[in-house]
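Numbering of the sequence shown is given in this note's numbering, commencing with residue 978 and proceeding in unit increments.
Backbone N, C-alpha and C define an ideal beta-carbon position, used for all residues, glycine too.
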Amino acid sequence: MRKGFNEAINKAVIPKKPESFTKKAKRVRFQDQYPETDIALIGAAGFARHIRDKESETFVTSLSELEKAIEDKRQLDDADSEAQEIKEQLPERYHEFADVFSKIKSDELPERKEYDHPAKEYIMENLDKGFIVPSNAPFASPILMAKKPGGGLRFCVDFRKLNKLTKKDRYPLPLIDEVFERISQAKIFTKLDIRQGFHCIRMHKDSSDLTTFRCRYGTFKYGVMPFGLTNGPATFQRLINDIFIDCLDKFLIAFIDDLLIYSENATEHEIHVRTVLQRLRDTGLQASIKKCEFHVTTTKYLGFIITPEGIKVDPVKVETVLSWKTSTTCKEALEKLKTALALAPVLVHYDPSRPTRVETDASDGVVAAVLSQLCEDGNWHLVGYYSASMSSAEHNYDIHNKEMLAIIKAFREWRPELIGLQRQESFEVLTDHRALEYFMTTKVLSARQARWYEFLQEFHFVLRYRPGKANVLADTLTRREGEEARNLDHRNLVLLPAGVLDEQIQIELAIMELQGAIGTGDIIYRVLETNEKFVAGPEARRRLDGKDLGWHEENGRLLYKGRLYVPDDGDLRARLLDEVHRPPLTAHPGRDKTKKIVKERFY
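Dropping the structure here:
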């Protein structure tokens, strides 16, 4: 404290004599001079004596450091007093937790959460741009902060409920076959990628309230079309078609925000490129220079490699099959098979008007998928294959996130084909992991699932379960030699708890689980068959019409309090108990345990 005083006083300007003095204005101007000697410090008593001396003038200044020091000392005294009070009331064995009861700490400003700054930054930035405005709508969607692959957080709005109620816009996207036909004579190409094109579309005043979202800073609505709306791609495609209507199919292909300019020679191509760029300037659309290519003879567009010689299949699409390792004994036969698989007509041309399905699977270290369509002969034919090894981080995903990862990667691989479907019904996604059927209705998403959710909003699909033994195509691609996970921790993997599923789904899952545990499952089919026959009889009707409300019929089967009824038909019940007891998976439980297992699923 003394040092602070000395430094402050030594810097004071002490004059020998005033340069000027104005009594009326009570203003004194001094010459710039420093004191010739140090000024001694005095205590409080000396200071009081000086101010009582009427013959002298006293100049006083306050130092903020002094007040701060006093405040710090006061806080320390309060903290010591509080700590002593807490220890007097808290049992000695819990003194190590005294800080949990601190009132002083409860008055401290909490640390800023990781997502507070990005959320506020997004709000302020888009308010300044006019992209969002405050909203008083009686409803609002929640927000999600998703981690970006390259680091940082991305602001997302969870429009799932809004999308569920939205009538789907089936505006057509360019057909792949027509694209190939239009560019058959082209020799030179330019590819443009429109930057944040969705934000170039203003929301209608009647729809703006529907985009309201809530966060800690209030409720806001979009004045421009946000990402995540189910009809966003169709709306933007309509805008692009309106802007370039006179250019389409002459020298331009536009698939949502991906533009491909094609020409037969360099002279024409420059004119075409200038025309498109001028149109972008006139309409206020911007392109991302990092994703553009100018005057090239080979480019990748919509998953195909386009050259003057023709269209080539992306090697990645058939690399999974062509790189399949095999032993020398069957190498020649397999080479012929691989060649046949990679050639038409086994891989049929994609047709957006056909029913489409995606089959996916994930093992410990590999994800795989198969794209197929229902053709005129009534059979499902393959359009493409896909498989990829998991990264080290993906190896640590739990099982249902691995299965969802397979779907995400398949959708990224075939995004143009799946978005471009022209059928009213959704395309199918078949998986051998039943828990994924409930992903789209999960209430709380992880950061990773939030990113996935935002991506999935572009697609209209239905997720269906198919047992692993029937999911042979995708399953086979996950079991190639050399792609198994190495040095993995095969820990127990827990799925969604049964309590989150409705009654009928629990019954179906229990039957399949028990069927898998007892091998062939013949006994299960017999139970179902006997139950269905029993339902048609008078005894079942008597029970259904009786006072016991536990009985009910569902899908032609008789259930009691959610459990499948096993009629007393010969040795059926005894065989069921025996089948549950024998398999290794059940660890040969005793009589009481066996009955408990059966009673959880059957009555």
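message = Which residues does DSSP list as the beta-bridge partners of R1534?
response = E1531
ask   = So, helix, strand or coil for V1250, using DSSP?
value = helix
C-alpha gap between V1596 and Y1071, whole angstroms = Since the displayed the chain opens at 978 and closes at 1580, residue 1596 lies outside it and no answer follows.
message = The beta strand (DSSP E) that contains L1121, what's its start and end?
response = 1120 to 1124
request  = Count the other CB atoms, across all protein chains shown, that sit within 10 Å of the CB of L1465; report buried if there are 16 or more and exposed otherwise.
outcome  = Bear in mind that the predicted position of L1465 carries a pLDDT of just 42, short of 50, making it unreliable; the figure below should be weighed with that in mind. By the 10 Å Cβ count, L1465 comes out exposed.
contact_flag[the region 1362 to 1374, the region 1336 to 1349] where n(CB pairs < 8 Å) is 3 or more = yes
ask   = Any beta-carbon of chain B closer than 8 Å to the one on Y1071?
value = Any reference to chain B falls outside this structure, which holds one protein chain only.
query = From the DSSP output, which residues share a beta bridge with K1168?
reply = L1237, E1270
query = On the three-state DSSP scale, how would you describe G1280?
reply = coil
request  = Would you please state the rounded distance, in angstroms, between the beta carbons of D1234 and G1174? I believe it to be under 8 Å.
outcome  = 5 Å
request  = Please go through the same chain and pick out, in chain order, the residues whose beta-carbon is closer than 6 Å to the beta-carbon of P1095, but skip the five residues on each side of it.
outcome  = L1130
message = If you reduce the DSSP assignment to three classes, tell me which class G1195 lands in.
response = strand
ask   = Which value, in whole angstroms, describes the spacing of the CA atoms of F1579 and R1191?
value = 46 Å
request  = Counting only the same chain and skipping the five closest in sequence on each side, list residues whose C-beta sits under 6 Å from that of V1273.
outcome  = F1166
inquiry  = For E1155, count the other beta carbons within 10 Å of its own beta carbon; 16 or more makes it buried, fewer makes it exposed. Which is it?
reply    = exposed
query = Using the C-alpha atoms, what's the distance from E1394 back to G1280?
reply = 9 Å
message = If I measure Cβ to Cβ from F1078 and keep anything under 6 Å in the same chain, skipping five residues before and after, which residues do I get?
response = I1063
query = So what does DSSP say about S1112, is it helix, strand or coil?
reply = coil
E1394 (DSSP reduced to helix, strand or coil) = helix
query = At which residues does the alpha helix (DSSP H) containing T1333 begin and terminate?
reply = It is not in any alpha helix (DSSP H) - T1333 instead sits in the beta strand (DSSP E) that spans 1333 to 1339.
ask   = Could you give the distance in angstroms between the alpha-carbon of S1185 and the alpha-carbon of P1210?
value = 17 Å
key: Per-residue DSSP class, three states only, for Q1214   = helix
request  = Can you check DSSP and say which residues form a bridge with V1344?
outcome  = A1339, A1365
query = Cα-Cα, which of I1230, F1271, P1329 is closest to L1392?
reply = Position check: residue 1392 holds Arg in this sequence, whereas Leu was assumed. The shortest Cα separation from R1392 among I1230, F1271, P1329 belongs to P1329.
query = How would you label E1460, buried or exposed, when you count the other beta carbons within 10 angstroms and need 16 or more for buried?
reply = At E1460 the pLDDT is 47, less than 50, meaning the model places this residue with poor confidence and gives no usable figure here.
request  = Would you kindly check if the distance between the Cβ of Q1263 and the Cβ of R1179 is under 8 Å?
outcome  = no
ask   = Contact check, D1146 vs T1189 under 8 Å by CB: the rounded distance?
value = About 21 Å separates the two Cβ atoms, so there is no contact after all.
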